[in-house]
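Below is one structure; the comments refer to it alone.
Residue numbers (the working numbering): 288 to 599.
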């Protein structure tokens, strides 16, 4: 079994997007043998300069021997409007592949081919409205990390390229290999196709070490009751002073922040497991499934059932 994968680069691509290539490389190692044949290609086989200034040598698409199993199209930091020759080339490449993936603004490059018409695609929120206006036949989702719609796999780009690549490996080689690769990448969380691009934990990122320490302690001990006094004690502050500084740095009260973190854990469990709701609530630190439902409605405006249906 050998699956040739084309990493189709365009000028201005983000180096972090090529984290996807590392996923397939590690999958070769974990699976044994070389289930993936990795090739970096471009329209003309010339060196391609990244947004950061690093340049990669590429193989010309016309020189590739045989069809590719998977074609991954990597867009630039800002959307590129491809010329007619590039559109024709991408259409030929994508039509002959078993799977086609887009990373970052790769959707903007592939959209003029017509292959995305009627498809649901993941796009970074900042570029979603522009893509939808230029290509109204495409169903744009500005929230999800990655999406599979038939043979089209799309991602929001940046680190989402790693999540997309792991999903492709899982589709080919099974969950055990994909999980082994995720562990070797030291990933805290492998995001599913239902995960959102935003992170509540990043949104409340504090400035001071003491509040970061308190949040870290809370995150590690969500199954405990976690009173405000306990958090304040961890950072040697009075309850009143801790509460004031916490709210100033995170924009919310300690109790609300803990509820938000518990909701995030509950969402991950709901999307990735079939655990009963009572078990999910307990693992996330909620006192009951009803309290969990209330928190999920506040944070995500969804019910547990909604989250599971979306993940499925």
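No residue lacks a Cβ here, since even glycine has one placed at the ideal position from N, Cα and C. As the structure is a computational prediction, the values presented were derived from the model and not from experiment.
Using a Cβ-Cβ cutoff of less than 8 Å, which residues in the same chain neighbour residue i once the five nearest sequence positions on both sides are dropped?
i	result
residue 339	301 and 302
residue 425	394, 398, 403, 404, 405, 406, 408, 418 and 419
residue 560	567
residue 372	330
Ignore the nearest five residues each way along the sequence and tell me which others in residue i's own chain have a CB closer than 6 Å to its CB.
i	result
residue 356	290, 291 and 385
residue 393	360, 361 and 362
residue 402	381
residue 564	576 and 591
Suppose the cutoff is 7 Å on Cβ atoms and the five residues either side in sequence are ignored; what does the same chain contact list for residue i look like?
i	result
residue 505	513, 518, 545 and 548
residue 298	335, 336 and 363
residue 534	540
residue 346	326, 327, 328 and 332
Report the option in the options whose CA atom is closest to the CA atom of residue i.
i	options	result
residue 370	397, 410, 383 and 408	397
residue 325	430, 308, 361 and 532	308
residue 409	374, 420, 439 and 401	439
residue 527	515, 461, 536 and 537	515
residue 428	589, 416 and 577	416
residue 551	538, 573, 320 and 333	573
residue 537	493, 588 and 389	493
residue 436	389, 478, 467 and 400	389
residue 349	376, 321 and 560	376
residue 316	468, 521 and 368	468
residue 293	400, 470, 478 and 354	354
residue 306	372, 471 and 400	471
For residue i and residue j, what's the separation of their Cα atoms in angstroms?
i	j	result
residue 279	residue 569	Absent from the structure is residue 279, since the part of the chain shown begins at 288 and ends at 599.
residue 263	residue 311	As displayed, the chain neither begins before 288 nor continues past 599, which places residue 263 out of reach and without an answer.
residue 594	residue 554	7 Å
residue 421	residue 414	11 Å
residue 497	residue 542	17 Å
residue 529	residue 444	38 Å
residue 463	residue 473	15 Å
residue 510	residue 556	14 Å
residue 452	residue 304	10 Å
residue 585	residue 383	45 Å
residue 567	residue 508	15 Å
residue 571	residue 320	40 Å
Using 8 Å as the threshold, is the C-beta distance between residue i and residue j below it?
i	j	result
residue 456	residue 447	no
residue 449	residue 441	no
residue 590	residue 580	yes
residue 406	residue 391	no
residue 601	residue 460	As displayed, the chain neither begins before 288 nor continues past 599, which places residue 601 out of reach and without an answer.
residue 295	residue 374	no
Practice task
With a floor of 4 residues, list each alpha helix (DSSP H) that falls wholly inside the region 326 to 385, ordered by position along the chain.
Solution key: Taking 4 residues as the minimum length, the alpha helix (DSSP H) runs contained wholly in the region 326 to 385 are 371 to 382, in order along the chain.
Problem - Contiguous beta strand (DSSP E) assignments of at least 3 residues, all confined to the region 432 to 477 - result: 433 to 436 and 439 to 442
Handout entry: Segments assigned alpha helix (DSSP H), at least 4 residues, entirely inside the region 525 to 595
Key = Every alpha helix (DSSP H) stretch that sits fully inside the region 525 to 595 and reaches 4 residues is listed by chain position as 526 to 537, 541 to 559, 564 to 571 and 576 to 587.
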